[in-house]
Every structure is written in C-alpha cells, then in structure tokens.
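So the protein lines, in turn, are chains A and G. Mapping of the first sequence onto our numbering: position 33 corresponds to residue 488, and the numbering continues sequentially without gaps. Mapping of the second sequence onto our numbering: position 120 corresponds to residue 125, and the numbering continues sequentially without gaps.
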Amino acid sequence: MEGIDEAFDVVTTGGWETLKPYAMAALFVLAGVVAAKLLARYTERFIKQRHSAHTAVLTGKIIFYATVTAVLLVTLSQLGVQLSGLLAAAGIFTVALAFAAQTSVSNVISGLFLYFDRPFSIDDTVKVGDVLGTVTAIDLLSSRVRTFDNLVVRIPNETLLKSTITNYSLHPIRRIDIPVSVAYGTDLKACRKVLLDAIALHPLILDEPAPVVLFDALGDDGVELNVRAWLERTEVVKARSDLTGAIYDALNAADIEIPWPQRVVHMRHESQAPLQAPEDESRVTAHELVLEDA
Amino acid sequence: MTDTEHPHWPLRLSLSSDDSPSVEFFGKPLEMMLRPGPTLEWYHGTEETARITALPKTFQHLTFLPDLGERPLLLFPRPQLLCPGHLTLRLDMALPLHLKLAITTDEGELLVTRWSSPTTSRGAYGPVDQAVVCTSCRCPTAATADELASRYHDHPVLTGSLQRIDGDPDPPLPLWARLHLEVVNTTAEPLEVGKIMVPTSALTLYTRTDTPAVATNALTLRLVGPQEAELRSASRPHGPGQYSPLDAPPRSAALDNKALLFLHNYKSKTGLEHGF
C-alpha cells in the first residue's frame, strides 16, 4: 500500500513531469512495434507477389526485428541512456546468453544456413527422418511440417541441418515403380504388351518419358517385373492406386497368373528311396519332410 | 438454333425453355436445358456429370469453339520424320483439338468449360529435372492435305467432330486442324524428328470461309544440330483458300519472326530415367 501511496503522491504532487518521458517512451515503443508489424506484413505481401513465400516470410521477420531494435535504441537514446555503455554491456550479456542458450543460438544459425542452402521452401512436400508432410513455416528457431494425417511436427532448425531431407516438390514430374509378379510359364512378351497397354490407357501417365516394363528377377514364386511410369508430381497417389488396379484387371483379363508364395515339398520315406522329384529340378528347395512309419 | 444455314465454326446455339439443343462430340452427347434463374443445366455423356451454370442477364447464346488447350503441344508425327542433310521436308499433320464452351453476352464471351480431346494425353518435354508438361498427341502425317484426309479418314484424330443431334442432324464440324510443317535440315547429316514441341502462343486456329475445315498457321522447323531446332511460325495457314482466325485474341504478330529455340528431340544425357 505504501508503494501505491508513494506513486500516487508522485503523480499528484507534480511527479507527472518525472514520469512523462517514460510514458512517452512506452507509447513510442508501442507505436514502433505496431508500425514494425505493419511494415513487415506489407513487405511480406509485396515480396510474395514477386518471389517465394520463403523469402517473403524471412524478409518480413528481418524487417520486424530490425525496426523494433531501431525503435528501442532511439527510445533509450531519448531517455538519456548512454548507448555506448549499453553496447559494451550487451557484449558481455551476449557471451553470457550464448552459454545459456547454446541450443537456441545453434538453431538460429542453422536457420540462416537453411535459408541460404534452400533445401526446401514453404509449401514444399518434404521427408525429414520419419516425418513426411508439407512445410508450413520456417522460423528463426524451428520449422513446422504438417503431415498428411493433419498433424503439425515442429522440427528444430539444427535437427533439419543435420538430417537427410528429401524434397518431393522441386521437379515437376516424378516416377512411380509398381512391382508385379507373374507365374513361371507366362509368355513374357505378351505380358509386357498387356502391361504397357494398361499403362497407355491411363490418362495421368506421361507418354514421354515413355513407361517401361522391366524384368527384374527370377524370384522364388514367379518372374518379378517392375512397371515404371512418369507422371506429374501432384498425381502420384491417385495414379499409383489407379495403375495398380488397372494392372491387376489387365492381367486377369489376359489370364496371366499372379503367383501366390509357394514352396515345393518333397516327401521321403525313411526306409525307402526318396520319392521321385518333380520335373522342374530347379524348384527343389531345402525343405524336406520325413514321414514316420505308422 | 444456329445463326447460319450451314454449320460453321464457331457453333452458336440459342436457348429457350421449350428448346433444349443437343450436340455430340468425343463420342458422347451433350444435353443442355435452360432453367429458371436463368441457369443452364447440362451434362456430357451421363447424368452423373451434370452441372448447373449461371447465365448472365445479357445472355445471348452459347458458343462452341475448337481450342488448342493451355499447355504447350508435344507432337509425335506418325510416321516419324527423317530429313537428309540440306534438304527440306514439307508435310501436313492432323492436330486433335479440344472444345470449349462459352457464354456470349453483350459484353463479350465468358468461358464455361473446356473438354480435352480423348486422342491427347500428357507428355514431358526436356530433361526430367526441368521438364515442361505438355499436351501430347500422335499426329497422323502425310505429304499433302489431300493425302492426309484420304489416308487417315477413319483415324481417331480425324474422326473427331462436333455435331448437332437434335432435330435434323447437321453435317459435323471437324475437331482437328491441319498443321503444315516445313522441316529444314541445315546440317550435312540426316536428322530424325521424333517429336516437336510447339508453344500454344505460336499457333492460331483459322477456319476456311467456305468450309468448316480448321487449320493452324504454318510452322517451319529449322534443324540446326542433332538436338537443336528453331521453330518459326507463319502468319497464316499454308495453301490456297480464304481463312479467318478463330481464336480471340489472335496470336501476337511479334511471334511470327521470333525463333523459338529448343532441343527438338531431347534424349536423356544418361539414359537412366528408369534407373539401373
């Protein structure tokens, strides 16, 4: 209560003259912050029309902090604070701060490196570690990624700088690979034609670079093929789903068997010679089943 | 009803509450009904595709126009072209056209929608890291316009048309354009032309004044190296006959003398677009 009384006394007994410069300074700082926000917002909007959202956001932030710093320095100067002394103190303060906030400072510096390196921009689809999503913000300390199940992941800039980043938005077209397996004995030339015809009918698949069907391997269960097709990057999910369905339908329509996983089992009677192996010796596996006498 | 006795591009249809015109294109009918508001209800093919479209108070009629689309064109001449050194190859190609529907008012035309030709697809031009996605098509190609029409009369590109199907059917309006191409090989080596990329800004559609046939302005492709070509566009279609431009606004005349330099037959540097 005494403090309030004293403050009241100061105001009522002509102390307003003492408080006035501080009140004016507070008002000036407030106006400065508002002006800085407006200036940053308009600059951001202006730059966004001509450059990337990334540059616009960063420029806006730089303008905001620079304007606020200038307003604070001018205000302190008007209040009679010796800036040279303040700057010297600021140096010592900075060293102390650097020790106290190593992680934050590291994030800020990483943020600057990220800006100049530009591995991604706002609205890009990226994969950082296990996180796959769209970049929604790149800030001083961290970046935010919205995942496709609508979660927001905040990733510190330092982590980003150390991580392997995959950017899915840099190039206009992408390739999808669809593995297909067909049974041994399939006419591979006919199978390739069936698959290429199915791909050609799909409107999202680019015909340049032309899609290909590659014979990848002679697998355990069948011949392994790889269908590779190019498309616009925004169509990947739909095209992959459509094309998988179209390939399945086309193989069914052409009576081409998609093999199930299978093992050939040879049964041997202990007291007798082994049962005759099937004609296809290459399919014999290491699995043997021994039948006990009853 | 059409404004003229014989159908001609652009096709203009008036609407009234007791007259629902129908047209057919790309193998499906387009049904149009005037509804109160006024609004236009229409569907192409099946009723699941139905749309209700606002009509302005100053609505006059619906206008159907052939269209090249918004993307650059990636044309694959069929058969492919091979031009020996220092020779010139002159030929005509059939270019499939899209169709656009516009509302004509006192103030001008408002685009309603655009239907892509089913004989086109998408293709990328250039290296995969800088590719431009184009509208691609396999274009029937012949030495002359007459040969093109007779040899490929039943080809899907040349059978594309727009036709009124209500009342007495009108003769169809072709939905393909003749493109005259001159390939000049300035090198000493024989060069193949497997594909040609044409920015749509280099083309204008014209219709003949006496027939509904559509043509583009002629193009010249100067092959200046194994992978380089210059494309120049002429200011009018090749050959005799009177033509009037269909597109509004018409192509900039400044483009006529401007060579568009590009790799005419891009091949990968590594050949590994599909990986190892």
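Cβ atoms here follow ideal geometry from the backbone N, Cα and C, with glycine treated the same way.
Chain G contact residues for aspartate 579/A, given Cβ-Cβ distances below 7 Å
Those within 7 Å of aspartate 579/A in chain G number zero; the least Cβ separation is about 15 Å.
What is the rounded straight-line gap between the Cα of leucine 746/A and the Cα of histidine 721/A?
Confidence is the limiting factor: at leucine 746/A the pLDDT is only 41, short of 50, which leaves the residue's position unreliable, though a coordinate-based value still follows. Each residue's Cα considered, the two are about 11 Å apart.
At the 7 Å Cβ level, is histidine 626/A part of the contact set with chain G, yes or no?
yes
Residues of chain A with CB closer than 7 Å to the CB of aspartate 5/G, please, in chain order.
Since the first residue shown for chain G is 6 and the last is 281, residue 5/G is missing from the structure and cannot be characterised.
Relative to the C-alpha of valine 198/G, which candidate in Pro179/G, Arg227/G and Asp173/G has its C-alpha closest?
Arg227/G
Give a yes or no on whether the C-beta atoms belonging to glutamate 187/G and arginine 95/G are separated by under 7 Å.
yes
Listed in chain order, which residues of the segment 102–133 of chain G have Cβ atoms closer than 8 Å to some Cβ of chain A?
Ser126, Arg127, Gly128, Ala129, Tyr130 and Val133
Who are glutamine 49/G's beta bridge partners in DSSP?
In the sequence as presented, glutamine is not what sits at residue 49/G; that position holds histidine. Answer by DSSP bridge pairing, in chain order: Leu35/G.
For leucine 20/G and leucine 86/G, which I take to be in contact (beta-carbon distance under 8 Å), what is that distance rounded to the nearest angstrom?
The Cβ separation is near 46 Å, so there is no contact.
For tyrosine 211/G, write down the residues that DSSP places opposite it in a beta bridge.
Ala220/G and Pro250/G
Is it true that the segment 46–54 of chain G meets the segment 146–163 of chain G, where meeting means three or more beta-carbon pairs spaced less than 8 Å apart?
no
What do you reckon, are the CB atoms on alanine 624/A and threonine 580/A nearer than 7 Å?
Sequence inspection shows serine at residue 624/A; the alanine mentioned does not correspond to that position. In contact: serine 624/A and threonine 580/A (Cβ atoms closer than 7 Å).
Kindly indicate which residue of Leu659/A, Leu673/A, Phe501/A and Lys648/A has the alpha-carbon position closest to the one of valine 667/A.
Lys648/A
Test: proline 574/A CB closer than 7 Å to a CB of chain G
no
Which of the three DSSP states, helix, strand or coil, is assigned to isoleucine 170/G?
coil
Comparing the C-beta of aspartate 662/A with each C-beta of chain G, is any distance below 7 Å?
yes
Within chain A, the residues that valine 162/G reaches when beta carbons sit closer than 8 Å
Under the 8 Å cutoff, chain A gives no residues; its nearest Cβ is about 15 Å from valine 162/G.
Is the segment 212–220 of chain G close to the segment 116–125 of chain G, with three or more CB pairs under 8 Å?
no
Could you check how far apart the C-beta atoms of glutamate 679/A and aspartate 671/A are, in whole angstroms? I think they sit under 8 Å.
4 Å
Could you check whether the Cβ of serine 141/G sits closer than 7 Å to any Cβ belonging to chain A?
yes
By DSSP's criteria, aspartate 24/G is part of a beta bridge. Which residues make up the other side?
Ser21/G
Helix, strand or coil for tryptophan 181/G per DSSP?
strand
Which class does tryptophan 471/A belong to by DSSP, given the choice of helix, strand or coil?
helix
Given glutamate 687/A, which residues of its chain have a CB within under 8 Å of its CB, disregarding the five upstream and five downstream residues?
Pro627, Ile628, Arg629, Leu659 and Leu661
With DSSP collapsed to three states, give me the class of leucine 265/G.
strand
What residues from chain A crowd round valine 138/G, counting only those whose CB sits closer than 9 Å?
Pro627, Ile628, Leu661 and Glu687
Give the secondary structure of glutamine 533/A by DSSP, where H, G and I count as helix, E and B as strand, and everything else as coil.
helix
Could you check the C-alpha separation between proline 204/G and phenylalanine 483/A for me, to the nearest Å?
57 Å
Tell me the rounded alpha-carbon separation between serine 565/A and valine 523/A.
23 Å
Compute the Euclidean distance between the alpha carbons of asparagine 222/G and proline 101/G, then round it to the nearest angstrom.
15 Å
Using 7 Å as the threshold, is the C-beta distance between cysteine 646/A and isoleucine 711/A below it?
yes
Please confirm whether lysine 105/G and leucine 70/G have their CB atoms less than 7 Å apart.
yes
Name the two residues that bound the continuous alpha helix (DSSP H) containing tyrosine 703/A.
691–708
Three or more C-beta pairs closer than 8 Å, one from the segment 593–605 of chain A and one from the segment 557–571 of chain A: is that the case here?
yes
Mind listing the chain A neighbours of leucine 79/G? Cutoff is C-beta to C-beta under 8 Å, in chain order.
Glu663
For a quick check, are the C-beta atoms of proline 26/G and leucine 39/G less than 7 Å apart?
no
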